[in-house]
Amino acid sequence: MNDPNKYVFPPPYVRGIGRPKKNKRKDEDEGLKMNKKKRKCRKCKVEGHNAKTCKSCREKWQGK
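Structure below.
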């Protein structure tokens, strides 16, 4: 291994563009976030879908 052409060098470090992401180490008691809002249909007021994909209201609004 005295030949310098046989050395393996690490790849060059490429710095990302923009502000770096936050990498916070969470404690064991912190857990996952559960405050994510669910979708709510504005036509029938039922959670789990939106007005565009509402199947129960589709017949009502077809005659526009």
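Residues in the sequence shown are numbered from 1 upward in steps of one, following the UniProt record's numbering.
Note that the Cβ used here is the ideal one computed from N, Cα and C, for glycine as well.
Excluding five sequence positions before and after R42, the CB atoms of its chain that fall closer than 6 angstroms to its own CB belong to A51, given in chain order.
Rounded to the nearest whole angstrom, the CA to CA distance from E28 to Y7 is 43 angstroms. Annotated as proximal: G48 and K38, with beta-carbon spacing under 9 angstroms.
In this model, D3 and F9 are separated by some 14 angstroms (Cα to Cα).
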